[in-house]
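Per numbering that gives the first Met the number 0, the very first residue in the sequence shown carries number 0; after that it's consecutive.
The C-beta atom is built at its ideal place from N, Cα and C for all residues, glycine as well.
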Amino acid sequence: MVVNTKAKVDLGVVQETLLVPLWARAEELKQPDKIIFDPLSAEIVAAIDYDFAKLNLSYTDQITCCLLHWIMDEWAKDYLQQYPQGVIVELGVGLNTRFDRLDNGTVRWFEIDLPDTMALRQQFFQETERRKFIAASALDTDWCDLVKEVASGQPCLFIVEGLLFYLLEEQVKQIFANLLEHFSGSKLAFDCVSPFLVNRHFPDNMAAKHKWGIGNLKEIETWNSHYKLLEVRTCWDAPKQYVKRFPWFSVFFHLPVLRDFYRMALFGLT
Ligand SMILES: C[S@@+](CC[C@H](N)C(=O)[O-])C[C@H]1O[C@@H](n2cnc3c(N)ncnc32)[C@H](O)[C@@H]1O
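As structure tokens, then:
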């Protein structure tokens, strides 16, 4: 990546939150035993004109982001094992580097985000034949035909990380319904917050507020009989050598109310 002047950040309120996981991945490079090895994120942090210190993120925030990424990466790797030439679609991709971390040389990958985020993304990443960018909302359906054409009947993996909790529940339902309508047989992986975190800001000094939280993830199966909860994971399910880096980890993870603040869910759209 060659960057002569630092990139300006001029993003909407929710869009700006992409800087949190970006920073978390970049910071991880300083650790001896890295949860995620992501030199590209560190390069991007250095190339962006933004005061990351003002986010006031804690060590716990940083590890949480990286562990959640680690779990999502494992699900993506599982999918690629089964479908080496499959299609992965990241909705609300931000400045994530997952394709750069996991590309197996044959997967087709779509990265979707709102136009202002996509304009920033295009300063650091390039499209290729197998990697396409789409400037659109996750709630749109205009992009579905393009993805369907490439998937040509194969099940896709949809990844929605760091986004659903900023939407209203009816919007989350809409995304599920759109994906079921167009991509029946595919899987949807996402992270979510517990109801306790709804109406809270994360990080505290950012304007975006959590709007959707969920207690029992099985409840989603009642939205439509075609939604099947396949797996739920928390940071606790990542390898113990990483989890142990949490300050107070044993207290944190033995209290379900704290452990379940952030969870990852994998759904089948059958
Ligand atoms: C917390 S960031 C997560 C970024 C990325 N998934 C990651 O984990 O690094 C939230 C992302 O959702 C995007 N976003 C917000 N509303 C969206 C929408 N309606 N459709 C698509 N993306 C959206 C933002 O632009 C931002 O990139």
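CB contact flag (residue i, residue j, <8 angstroms)
i	j	result
D112	G85	no
P294	L54	The structure shown does not extend to residue 294, since the chain is modelled only from 0 to 269, so the question has no answer here.
Y241	T63	no
V149	R107	yes
V146	V197	no
Distance, residue j Cα to residue i Cα
i	j	result
A135	K243	39 angstroms
Y165	G93	14 angstroms
P246	E230	27 angstroms
M263	A237	11 angstroms
K7	L119	8 angstroms
K186	D259	22 angstroms
Y78	L156	7 angstroms
Q270	L101	The question about residue 270 has no answer here: the residues shown for the chain are numbered 0 through 269.
F189	T233	12 angstroms
D50	G161	21 angstroms
I133	M117	8 angstroms
F98	S183	23 angstroms
L21	V44	7 angstroms
A23	W69	12 angstroms
T4	Q81	42 angstroms
L56	F175	31 angstroms
Residue i classed as buried or exposed, judged by whether at least 16 other C-beta atoms fall within 10 angstroms
i	result
F36	exposed
N95	buried
S151	exposed
S193	buried
E110	buried
R199	exposed
V256	exposed
A25	buried
A52	exposed
Y58	exposed
L18	buried
Residue i Cβ short of 7 angstroms to ligand 1 heavy atom set
i	result
P38	no
I87	no
K16	At residue 16 the sequence reads Thr, which differs from the Lys that was named. T16 Cβ: within cutoff of ligand 1.
D102	no
I34	no
P202	no
V192	no
T59	no
W236	In the sequence under discussion, the amino acid at residue 236 is Asp, which differs from the Trp named in the question. No, since every heavy atom of ligand 1 falls outside the 7 angstroms radius drawn around the Cβ of D236.
D112	yes
T140	no
Practice task
Inspect the CB distances between the region 74–84 and the region 113–128 and report whether three or more fall short of 8 angstroms.
Solution key: no
Exercise for the section: Could you say if the region 18–37 and the region 208–217 meet the contact criterion of at least three C-beta pairs nearer than 8 angstroms? Expected result: no
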